[in-house]
Every structure is written in C-alpha cells, then in structure tokens.
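Each remark here refers to the structure printed beneath this line.
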Amino acid sequence: MKKLHRLVSNVDPLNRLTCMYGRLLLFKVEPYWDWTKWYHSSCLMNNPFYETKRLRERDCYLCEDIFRIERNSDLKSGIIGENYIKNEIPVIVGSDVMESELIKWPIARHHFGLKDIEEIYDSNDWKNICLFRSNIKTSDHLTLLKKMRSNKGELRPKD
C-alpha cells in the first residue's frame with residue numbers, strides 16, 4: 265500500500281519532467297521533421313474509415329430543373345407554404361423593412377455579383393481544368409455566366 269501511494273504521488277513530477285524533455289526534443293527535431301502541422305491535430309494517425317460527407321447526384325434532384333427563382337415581398341406564411349414550400353419551389357421573400365435591415369450588415373457594403381464571378385473566372389488560367397457538367401445545355405462555365413447575366417438570373421436550356 266505504501267509503494268502504491270509513493271508511486272501515485274511521484275506521477276505528476278515525472279509527467280512534468282517527461283513533457284519538458286519531450287518539448288525540448290521536438291524543438292531539436294524540427295529542422296529535420298516538421299511536426300508543426302500536427303500542432304492543432306487531435307490525433308497523429310489518420311483514420312482510413314473516415315469519410316467527409318460528399319454531395320451526391322441524388323442531392324441535386326431538387327435544383328436540377330430550376331431555371332428561375334421568383335422574388336416576392338410581403339407574402340403571408342400560408343401563401344408561402346401552399347405555393348412554394350409544399351411544391352418545393354424556391355422563392356426569395358423580401359420587404360422594404362427586411363432589405364433596409366440587411367443593408368446594415370457588413371457584407372452588404374461589398375457588391376459581389378455575376379459580373380465579378382465572370383471576371384474572376386475569365387482572368388484565371390486554370391479555368392479549363394474543371395470538368396463542366398450541367399443540366400443547362402451550354403458548353404462551358406463562361407457561356408453559362410454570360411447567359412445568366414444577360415437573362416437576369418433566368419436560365420433557359422438550348423433547344
């Protein structure tokens with residue numbers, strides 16, 4: 265019993281000493297092995313069974329046939345439920361009061377639209393790397409962006 269008590273009472277100083285020498289060792293080893301990328305990691309070993317949630321084709325069924333999103337203001341909740349939510353039709357609901365509140369948000373000070381996306385896309389050399397797929401019959405991303413801008417958000421497939 266006395267040996268167990270002595271061992272337990274000596275664990276904390278031993279632990280501190282081990283941590284101190286371990287840190288010193290890591291600083292000496294850093295020029296040869298960069299351990300800093302694991303500093304915030306909770307585990308040093310990768311889990312081969314871990315998978316991040318990925319979007320699948322079945323996740324896109326709601327939006328693949330949408331060519332236009334309506335904007336309405338001052339809709340009653342019953343109308344929204346009956347005409348839009350139950351029919352799975354997207355709608356942007358806004359009112360003057362709501363829009364005046366949204367303008368106060370910091371992000372509202374920065375205007376970022378389709379023209380900006382088109383310019384960013386057009387200015388990058390890597391734009392041809394992407395494999396482009398869409399239910400909208402267009403040949404590439406840039407054509408799609410121009411079409412969206414010219415139709416003010418309404419997309420129509422090619423006949």
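Taking the working numbering, the leading residue of the sequence shown gets 265, the next gets one more, and so forth. The beta carbon of each residue, even a glycine, is placed where N, CA and C say it ideally should be.
Using 8 Å as the threshold, is the C-beta distance between residue i and residue j below it?
i: residue 333; j: residue 356; result: yes
i: residue 382; j: residue 411; result: no
i: residue 299; j: residue 288; result: no
Could you give the distance in angstroms between the alpha-carbon of residue i and the alpha-carbon of residue j?
i: residue 323; j: residue 353; result: 16 Å
i: residue 310; j: residue 302; result: 11 Å
i: residue 305; j: residue 283; result: 18 Å
i: residue 388; j: residue 344; result: 41 Å
i: residue 316; j: residue 308; result: 18 Å
i: residue 424; j: residue 312; result: With the chain covering 265 to 423 only, the question about residue 424 has no answer from this structure.
i: residue 386; j: residue 295; result: 41 Å
i: residue 286; j: residue 292; result: 10 Å
i: residue 280; j: residue 380; result: 55 Å
i: residue 414; j: residue 336; result: 21 Å
i: residue 346; j: residue 320; result: 29 Å
i: residue 277; j: residue 314; result: 37 Å
i: residue 351; j: residue 297; result: 58 Å
Assign residue i to one of three DSSP states: helix, strand, or coil.
i: residue 334; result: strand
i: residue 353; result: coil
i: residue 327; result: coil
i: residue 414; result: helix
i: residue 380; result: helix
i: residue 316; result: coil
i: residue 295; result: coil
i: residue 279; result: helix
i: residue 290; result: helix
i: residue 309; result: coil
i: residue 419; result: Confidence at residue 419 is low in this model, with a pLDDT of 49, below 50, so its placement is unreliable and the value that follows should be read with caution. Coil.
i: residue 285; result: helix
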